[in-house]
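Novice: The structure under discussion is supplied below as structure tokens; questions concerning it will follow.
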Amino acid sequence: DAKTTQPTSMDCAEGRAANLPCNHSTISGNEYVYWYRQIHSQGPQYIIHGLKNNETNEMASLIITEDRKSSTLILPHATLRDTAVYYCIVSYSTLTFGKGTMLLVSP
Amino acid sequence: GAGVSQSPSNKVTEKGKDVELRCDPISGHTALYWYRQSLGQGLEFLIYFQGNSAPDKSGLPSDRFSAERTGGSVSTLTIQRTQQEDSAVYLCASSLAYGLLSTSYNEQFFGPGTRLTVL
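So the protein sequences, as listed, match chains R and W. Everything in the first sequence is counted per this note's numbering, starting at 28 for the first residue and increasing by one. Everything in the second sequence is counted per this note's numbering, starting at 3 for the first residue and increasing by one.
Next up, the structure:
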């Protein structure tokens, strides 16, 4: 699986958009970009995935650069309950989790 | 049940003892995955099952670790002669199938995990 690089931590004010970056410069053609998050003491939760087009669902938006070497997960209106570790993963199937980004949403 | 369940939720054992961790996947999910998460670390993939077979066991950290799945449902992860470095949260996930389907992503649904502490 391709490796990903994410910032260790980020802060966001409640109600603001949280933009979480991810670099995956060695992604191969058949690998998707997945985002999961893990709220403290819970199992990971799927957020969104994409191949090359931007994607949006009820939780978030995923913006993938044209060269596919990086992506950004956008939580449009962050709430306190969005405080979690966010994992960016590139893979065809089996998920390999890195250390992710600890997003802290503050009042 | 509605989701993936794991038992026990917590397990404390002495070094050298064997432990068995159980995972009940979502009904109808053919793929099952085991991960572990050590304190302050990301998730480490251990093994996956397609039905009852495990095509790739290379993620298991040592030969003390083994896993089986019977009836395409329940899976058991066994750790023999436990060591202190085995202390971690062991997470199980299941998905409808392995890999990507033509129409949708095989979202992995995770259980709450088993916290293993080896004294």
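From the three backbone atoms N, C-alpha and C, an ideal C-beta is built for every residue, glycine too.
So is I81 (chain W) buried or exposed if we call it buried at 16+ other beta carbons inside 10 Å?
Specialist: buried
Novice: Exposed or buried, which one is Y113 (chain R) when buried takes at least 16 other CB atoms within 10 Å?
Specialist: buried
Novice: Where T83 (chain R) and H76 (chain R) are concerned, what is the direct C-alpha to C-alpha distance, given to the nearest angstrom?
Specialist: 9 Å
Novice: Got a sec: which bits of the segment 43-59 of chain W sit with their beta carbon under 9 Å from any beta carbon on chain R, in order along the chain?
Specialist: Q43, G44, L45, E46, F47, Y50, D58
Novice: Could you give the distance in angstroms between the alpha-carbon of T31 (chain R) and the alpha-carbon of S55 (chain R)?
Specialist: 12 Å
Novice: Mark I66 (chain R) as exposed unless 16 or more other C-beta atoms lie within 10 angstroms of its C-beta, in which case mark it buried.
Specialist: With fewer than 16 other CB atoms across the displayed protein chains lying within 10 angstroms of its CB, I66 (chain R) is exposed.
Novice: Which chain R residues sit within Cβ distance under 7 Å of E22 (chain W)?
Specialist: Ordered by position in chain R, no residue passes the 7 Å Cβ test against E22 (chain W), which lies about 20 Å from the chain.
Novice: Since I believe G125 (chain R) is in contact with G44 (chain W) (beta carbons under 8 Å), could you give me their beta-carbon distance rounded to a whole number of angstroms?
Specialist: 5 Å
Novice: Please report how far the alpha carbon of D38 (chain R) lies from the alpha carbon of V14 (chain W), in whole angstroms.
Specialist: Within the model, the alpha-carbon separation for D38 (chain R) versus V14 (chain W) is close to 36 Å.
Novice: For a contact defined as C-beta to C-beta under 7 Å, what are the partners of Y73 (chain R) on chain W?
Specialist: E109, Q110
Novice: Which class does R117 (chain W) belong to by DSSP, given the choice of helix, strand or coil?
Specialist: strand
Novice: Between the C-alpha atoms of S104 (chain W) and S55 (chain W), what's the straight-line distance to the nearest angstrom?
Specialist: Residue placement at S104 (chain W) is flagged as unreliable, the pLDDT there being 46, under the threshold of 50; a coordinate-derived value is accordingly withheld.
Novice: Between which residues of its own chain and N81 (chain R) is the CB-CB distance below 6 Å, once the five residues before and five after are set aside?
Specialist: I90
Novice: Consider the Cβ of H31 (chain W): report whether some Cβ of chain R lies at a distance smaller than 8 Å.
Specialist: no
Novice: Below 8 Å between beta carbons: does that hold for L78 (chain R) and T128 (chain R)?
Specialist: no
Novice: Within 8 Å, do at least three Cβ pairs link the segment 62-82 of chain W to the segment 97-110 of chain R?
Specialist: no
Novice: Applying a beta-carbon distance threshold of less than 7 Å, which residues of chain R neighbour P27 (chain W)?
Specialist: Here the premise fails: no neighbours, minimum Cβ distance about 13 Å.
Novice: Would you give the residue range spanned by the beta strand (DSSP E) that F51 (chain W) belongs to?
Specialist: 45-52
Novice: For R71 (chain W), which three-state DSSP category applies?
Specialist: strand
Novice: By the three-class DSSP mapping on this structure, what secondary structure does S104 (chain W) have?
Specialist: At S104 (chain W) the pLDDT is 46, less than 50, meaning the model places this residue with poor confidence and gives no usable figure here.
Novice: With three or more C-beta pairs closer than 8 Å as the rule, is the segment 16-32 of chain W touching the segment 69-77 of chain W?
Specialist: yes
Novice: Starting from H104 (chain R) and walking both ways along the beta strand (DSSP E), at which residues does that stretch end?
Specialist: Premise fails: H104 (chain R) is in no beta strand (DSSP E) and is neither H nor E.
Novice: Taking a contact to mean a Cβ-Cβ separation below 8 Å, would you say S7 (chain W) touches G113 (chain W) in this structure?
Specialist: yes
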